[in-house]
Every structure is written in structure tokens, then in C-alpha cells.
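These notes are about the structure you will find just below.
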Amino acid sequence: MPKPTAPSSNAADTDPHEIRVFTKQFLAQTAEVVTRCFLNHEAMTASQRVPEPFFFQFVSSLLRRSHEDGLSMIALDRHDGHVAAVLINEDWAIGPPEMDWDPVFLPIITLLDKLGQTYSKDLDMRPGFYFHLFMLAVDAPFKGRRLGDRLVGESLELARSKGFKKAVVEATGGASQYICRNLHGFEERHRINYKEFRYRDSPIFSGIRGEECTILMDRTL
Ligand SMILES: CC(C)(COP(=O)(O)OP(=O)(O)OC[C@H]1O[C@@H](n2cnc3c(N)ncnc32)[C@H](O)[C@@H]1OP(=O)(O)O)[C@@H](O)C(=O)NCCC(=O)NCCS
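Mapping of the sequence shown onto the UniProt record's numbering: position 43 corresponds to residue 43, and the numbering continues sequentially without gaps.
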């Protein structure tokens, strides 16, 4: 008699994280993860000591929009249902949210704008064409477990399914640059070195240690 075979294990048995599209019920937790992660670990946000209440409000505005357009993704810890990682995505044709910008945040926006304008000055920015991978954040205890990699991969699938034609990212540090370029086929278009960037004549990011530059990359979907 043939031996009975063991039931095959499914993803939920073996994979401690569930990757899914962001929905509003996770708004507060997701905003907390992105805020904590960026204020402590993202090169420019940490170096500018961006105030937490402003940054939390900024991220929450982005996430409210994300709930409507269904473009952002989260990784949930299956064990306790908590948000472990986030990738806030958007349609690049939609501008930043309306809000009062904290002055310390303006150099960051200026650097990103400069890269974006150099890249897009001759491009057709119609809605539904450019998928923007905007803020990738993995909560500290979950770093190095491929969640960043997986969120990028799943977001690219989502973008394809929604009919976007190109993906664009401004990767602000070595890990996100590696994930996008080496693991997901993005190609470098423009870069700004932190040591060379000037904001109102001041080398405002020259004190950043351990990261060199922000790189704007794209890929066809
Ligand atoms: C960037 C970040 C999202 C990476 O998330 P993660 O889940 O830890 O990343 P992964 O485990 O998927 O992959 C990390 C990969 O990058 C590599 N890496 C890490 N630091 C690196 C560096 N400085 N330079 C090059 N590669 C690096 C790792 O070796 C790993 O690759 P490997 O598995 O092939 O060895 C996370 O560190 C983070 O939240 N940082 C703070 C916020 C931030 O800077 N976000 C990016 C803004 S665009």
C-alpha cells in the first residue's frame, strides 16, 4: 500500500509575513513604522532631525491617499498581525499632498524635486504611466529578512496589474539602491551626492555618514 503523503504546507505555515495592499485599518500603525524608521535610519530625514509630529502627519496624508488608490503595500507579521514593513507608492503624476511644510524638510524635498525635474523635463507625465516607489521602510527588528526586496517585487507586480508602464524610485541609501538596482533591474538615470548638494548655498547634507547619494532609477514594467 502506498504511504499516505503529508499534507503539503502552505505559505501561511512557512512564511512569517504576509505581503498585502495597504488599507486604512492599518493607517496609524503603518505611519508609526515609517516615521520611526525614517527619523532614525533614513539618511536625509535623520540628518535633518525632522520633527516627529510633522513627519507623522506627512506620512499619514500619503497613506490616506494610498488607501484610495490602492498602490501601497505592507508586510504583516502573521504571528501578531503587526505591520513590519511598508512601501508607500503613488502615481507620479499626482503631486505632493497639500500641507504646511516644516522648514527642515524643505532641503529634502528640494533635492528630490531637482532629481525629478532633471529626469522628467521632457517626459509625458500623464496619470497612470509612471509608478513611483516613494518610501520603503522596514521596522528595525525585521531588517535583513528580505522584506524590502519582497515589497519592491510585489509593488512592481501591482503596478503592472494596474497598467503602469514605468517604475521610478529615488533610492536614498546603499540598501535601497542595491535592492532596486541589483535585485529588481532598475537602471540609474541621475544622482546627487550628499557632499556636493547645496541648499541656499549651504552644503546641508555634507555631515551624512555611511551613505553617499540619492539615485533616481527607473525600469520598464
Ligand atoms: C532600506 C531598507 C528598507 C532595507 O530593508 P531590508 O528588508 O532590511 O532589506 P532586504 O533584507 O530586503 O535586503 C537588503 C539587501 O541590501 C543589502 N545591503 C544592505 N545594506 C547595504 C548597503 N549599504 N549597500 C549595499 N547593499 C546593502 C543586503 O546585503 C541585502 O542584500 P542580500 O540579501 O543580497 O545580501 C531598510 O534598511 C530601511 O528601512 N532603511 C531605513 C529607511 C530607508 O532608508 N529607506 C529607503 C529610502 S528610499
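Here a beta-carbon is modelled for each residue, glycine too, at the ideal position from N, C-alpha and C. Values in this document were obtained by computation on a predicted structure and should not be read as measured data.
Sequence-distant residues of the same chain with beta carbon closer than 7 Å to residue i, five excluded per side
i, result
"Met217", "Val169, Ala171, Cys180, Arg181, Phe186, Glu187, Glu188 and Arg189"
"Met1", "Caution applies to Met1, whose pLDDT of 43 falls short of 50 and renders its modelled position unreliable; the model cannot decide the point."
"Leu147", "His17, Ala75, Ala84, Ala85 and Val138"
"Ala115", "The sequence shown places Leu at residue 115, rather than the Ala named in the question. Only Glu170, His190, Ile192, Thr214 and Leu216 meet the Cβ criterion."
"Gly174", "Glu211"
Cβ neighbours of residue i in the same chain (closer than 8 Å, five flanking residues each side left out)
i, result
"Ile109", "Pro96 and Trp101"
"Val33", "Val83, Ala84, Ala85, Val86, Ala137 and Asp139"
Supposed close pair residue i, residue j - CB separation, criterion 8 Å
i, j, result
"Arg126", "Ala93", "6 Å"
"Ser60", "Met99", "Not confirmed; about 10 Å, so no contact."
"Phe197", "Leu111", "6 Å"
Buried or exposed by the 16-neighbour rule on C-beta atoms within 10 Å, applied to residue i
i, result
"Gly163", "exposed"
"Ala75", "buried"
"His79", "exposed"
"Ala85", "buried"
"Ala31", "buried"
"Thr118", "exposed"
"residue 308", "Any question about residue 308 goes unanswered here, given that the chain covers just 1 to 221."
"Pro7", "In this predicted model, Pro7 has a pLDDT of only 44, less than 50, meaning its place in the structure is not dependable enough to derive any value."
C-alpha distance - residue i paired with residue j, whole-angstrom precision
i, j, result
"Arg191", "Phe134", "16 Å"
"Val152", "Phe105", "25 Å"
"Pro51", "Phe38", "11 Å"
"Arg219", "Asp124", "16 Å"
"Met73", "Ser206", "32 Å"
"Gln25", "Leu63", "11 Å"
"Asp69", "Glu90", "8 Å"
"Arg36", "Phe56", "9 Å"
Any non-hydrogen atom of ligand 3 within 7 Å of residue i CB
i, result
"Gly174", "Here the bound small molecules are ligand 1; ligand 3 is not part of this structure."
Close Cβ partners of residue i (< 6 Å) along its chain, the five nearest in sequence each way excluded
i, result
"Phe54", "Asp102"
"Phe129", "Lys165"
Cβ-heavy atom distance, residue i to ligand 1, below 7 Å
i, result
"His41", "yes"
"Ile19", "no"
"Asp149", "yes"
"Ala171", "yes"
"Ala31", "no"
Cβ of residue i within 8 Å of any chain C Cβ
i, result
"His41", "Here chain C cannot be found, since the structure has a single protein chain."
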